[in-house]
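Numbering (the numbering used here), first residue to last: 9 to 173.
We treat Cβ as the ideally placed atom computed from N, Cα and C, and that holds for glycine.
See structure below.
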């Protein structure tokens, strides 16, 4: 511990704050592992640095609104970078599913814009043409704001709206 407190100025919670670690059961949160890291940092006079949230989402399946999640990190004094954002849907992509996807993208970008803790948002890729989703989640796809022909989808317009507000 002496080496830790004398040679390390900050700790990062790493995987302890990723969604799969904090919400193993839908609607039930546990920050036990992250709390251990926070207490270790505090007891050694260190800062707790920001965290990356990898966001591979399924439309309309997020049990906690993005604004609530990002506010939790803000209240803890933790900076957040949202990375690898995509919001997959069950194929075929209907207008209703694309509209819901757009609302979900908008909610993430609004939360990022409104919460000082969020420093950046990075989308997984540019187009559905190169998406990893169809090869990983059978029957799912259309996860990105541009379609396979590089045409903007409704999600793109929703992101622009969220960032322009």
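- Of the other Cβ atoms in all chains shown, fewer than 16 fall within 10 Å of the Cβ of residue 159; this residue is therefore exposed.
- The region 101 to 108 and the region 123 to 132 do not touch, with fewer than 3 CB-CB distances between them shorter than 8 Å.
- Excluding residues up to 5 positions away in sequence, 150, 152, 155 and 156 lie with their Cβ nearer than 6 Å to the Cβ of residue 136 in the same chain.
- Straight-line spacing of the CA atoms in residue 39 and residue 140 works out to 29 Å.
- Residue range 40 to 51 is occupied by the alpha helix (DSSP H) that includes residue 51.
- Taking 8 Å as the upper bound for CB-CB distance, residue 117 and residue 171 are in contact here, some 6 Å apart.
- For residue 95, the enclosing beta strand (DSSP E) stretches over residues 88 to 98.
- For residue 114, the uninterrupted alpha helix (DSSP H) segment begins and ends at 103 to 122.
- The C-alpha of residue 91 lies about 12 Å from the C-alpha of residue 120.
- Looking from the CA of residue 168, the closest CA among 113, 122, 99 and 148 belongs to 113.
- Residue environment analysis places residue 83 among the exposed positions, since fewer than 16 neighbouring C-beta atoms fall within 10 angstroms of its C-beta.
- Leaving aside the five residues that flank residue 93 on each side, the residues in its chain whose CB is nearer than 7 Å to its CB run, in chain order, 63, 116, 129, 130, 131 and 132.
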